[in-house]
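Mature numbering (1 follows the signal peptide of the UniProt record, and there is no 0) puts the sequence shown at residues -20 to -1, 1 to 365. C-beta: ideal position from N, C-alpha, C; glycine also. First up is the structure itself, then whatever we jot down about it.
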Amino acid sequence: MHFSTLFLSTGALLARAASAGYVLTDDYEPNNFLDKFNFFTGADPTHGFVEYLSRADASAAGMVGPSDSKGVYMGVDSKTMWPANGRKSVRIESTKTYNGGLFIVDIAHMPSNTCGTWPAFWLFGPDWPASGEIDIIEGVNTQAQNSVTLHTSQGCTMSNVNTIKSTYFVGSNCGGTNGCGQHTMDNQNYGAGFNALGGGVYAMDWTPERIAVWFFPRSKIPADIASGNPNPSNWGQAVASFTGATCDIGSFFKEHQIVFNTAFCGDWAGSNWSQDPECSALAPTCQQYVGGNPGAFKDAFWDIHSLKVYQQGNGAPAPAPAPAPSAAAPAPKPVASAPAAPAPAPPAPKPSAPAPQPTTPASQPSFPVDHNNGQSWNGLGWAAN
């Protein structure tokens, strides 16, 4: 982050955003949603037990198409026993790239927190981790709360200023595989809890000063979002907000594609298997369970109602065309077990191409922990010692 912006007050930053206003630049509506994405068909960069299909093959298999709620359905194979190349799924990457903006997604259903699954909604840039990665929704296995994580090359450190007090701040160093993560403690913002509410809206505001994520359950979506006039200054503290005196966001995060995918096992869900009592009781390994229990993944689908990208009205950079996917493309990096889950597995070796990286080291305690930047958990939130 440039030093000219370091000492702007929070109020000044919010006022700037409000006064600039936001202009809708990309509307990923259900009727054209998939036309604006490439289907990644290469080997999974996170070494999962998964085979990503082309659009034609996924459509023929009934894994993509209109949902019953008139959104966009993206599911997985829930019928085949012991698929030779891994359980079939989809990974889509936007045909445009972005250097900032306000990203608002309305999701009616996400893959449930089922043993073996690793769903993610995220953004990444070329030459991982040089151009950064932003994991907005991510988790594995029985994790019940969402993890928000940033990954960069070395030299970017962040703080959690303006994050709600219940979110656990994992670490400030965003460099490499572990990244800097924030683990939420809301059982309704991910997996089965999210789906039971009919889903909701996630918003991510990426500016030169911060990267912040909010979640709104279906019954509490702000009126300004519903009306198409979003104003983050009205939304209160984010569930995860990243700011940093030593991180020039514009240099560490650039040319990002938007990604949705559902992986199985691999560097996070698979490596963490033995540390999840519920999952490890089902089978000795993640691959054995995923391969032999196709019916367990009937709820491993996305139902997306809309995705909108806004830019501030002061001439923020417009999106640029993105390259077609290749086998070496990045994938969301494993983020870490959510508060309710057991301690995460050791960080997996960095994949040959970007993919969501594991966010937490093996030494991270189970949640809730008794410390967080000099604070203690009092049952309601983090309080100063």
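How big is the Cα-Cα spacing for residue i and residue j?
i, j, result
"phenylalanine 281", "phenylalanine 20", "17 angstroms"
"glutamine 123", "asparagine 175", "14 angstroms"
"aspartate 24", "valine 30", "7 angstroms"
"serine 139", "alanine 40", "46 angstroms"
"threonine 5", "methionine 61", "43 angstroms"
"cysteine 160", "cysteine 154", "4 angstroms"
"leucine 14", "glycine 51", "11 angstroms"
"phenylalanine 233", "proline 188", "10 angstroms"
"threonine 340", "valine 141", "Low confidence applies here, because threonine 340 scores a pLDDT of 37, under 50, leaving its location unreliable and the question unanswered by this model."
"leucine 82", "alanine 183", "7 angstroms"
"residue 420", "isoleucine 87", "Beyond the ends of the chain as shown, which are -20 and 365, falls residue 420; an answer cannot be given."
"histidine 131", "alanine 218", "19 angstroms"
"glycine 42", "glycine 171", "22 angstroms"
"tyrosine 78", "alanine 261", "43 angstroms"
"serine 69", "lysine 200", "31 angstroms"
"tryptophan 253", "asparagine 214", "40 angstroms"
At what residues does the alpha helix (DSSP H) containing residue i begin and finish?
i, result
"asparagine 273", "Unbroken run through asparagine 273: none, as it is neither H nor E."
"glutamate 31", "Per DSSP, glutamate 31 belongs to no alpha helix (DSSP H); it is in the beta strand (DSSP E), 30 to 32."
"arginine 71", "No alpha helix (DSSP H) holds arginine 71; the beta strand (DSSP E) holding it covers 71 to 74."
"alanine 38", "35 to 40"
"cysteine 259", "257 to 260"
"asparagine 18", "Careful: asparagine 18 lies outside any alpha helix (DSSP H), inside the beta strand (DSSP E) at 17 to 19."
"phenylalanine 232", "229 to 232"
DSSP three-state label for residue i, please.
i, result
"proline 221", "It should be pointed out that residue 221 corresponds to serine in this sequence rather than to proline. The answer is strand: DSSP assigns serine 221 an E or B state."
"tryptophan 248", "helix"
"alanine 100", "strand"
"isoleucine 144", "coil"
"aspartate 7", "strand"
"cysteine 160", "strand"
"isoleucine 201", "coil"
"serine 152", "coil"
"glutamine 237", "strand"
"cysteine 253", "It is worth fixing the name first, because residue 253 is tryptophan in this sequence and not cysteine. Helix, per DSSP."
"serine 133", "coil"
"serine 139", "strand"
"alanine 243", "strand"
"serine 49", "coil"
"alanine 88", "strand"
At which residues does the beta strand (DSSP E) containing residue i begin and terminate?
i, result
"proline 25", "Proline 25 -> no beta strand (DSSP E), and no H or E assigned at all."
"glycine 45", "44 to 46"
"phenylalanine 195", "191 to 197"
"serine 286", "282 to 292"
"glycine 173", "From DSSP, glycine 173 is part of no beta strand (DSSP E) but of the alpha helix (DSSP H) over 171 to 176."
"tyrosine 78", "Where tyrosine 78 is concerned, there is no enclosing beta strand (DSSP E), given that its DSSP letter is neither H nor E."
"methionine 184", "180 to 186"
Indicate, with yes or no, if the ligand SAM has a heavy atom lying under 7 angstroms from the CB of residue i.
i, result
"threonine 265", "Ligands in the displayed structure: none, and consequently the ligand SAM is not present."
State the CB to CB distance for the pair residue i and residue j, rounded to an integer number of angstroms; the pair is presumed to be in contact (CB under 8 angstroms).
i, j, result
"glycine 156", "histidine 236", "Not confirmed; about 18 angstroms, so no contact."
"proline 91", "aspartate 279", "7 angstroms"
"valine 158", "glutamine 125", "It is asparagine, not valine, that sits at residue 158 in the sequence shown. Not confirmed; about 19 angstroms, so no contact."
"leucine 287", "tyrosine 2", "In fact, because the Cβ distance is near 15 angstroms, the residues do not count as touching under 8 angstroms."
"isoleucine 205", "isoleucine 114", "In fact, because the Cβ distance is near 19 angstroms, the residues do not count as touching under 8 angstroms."
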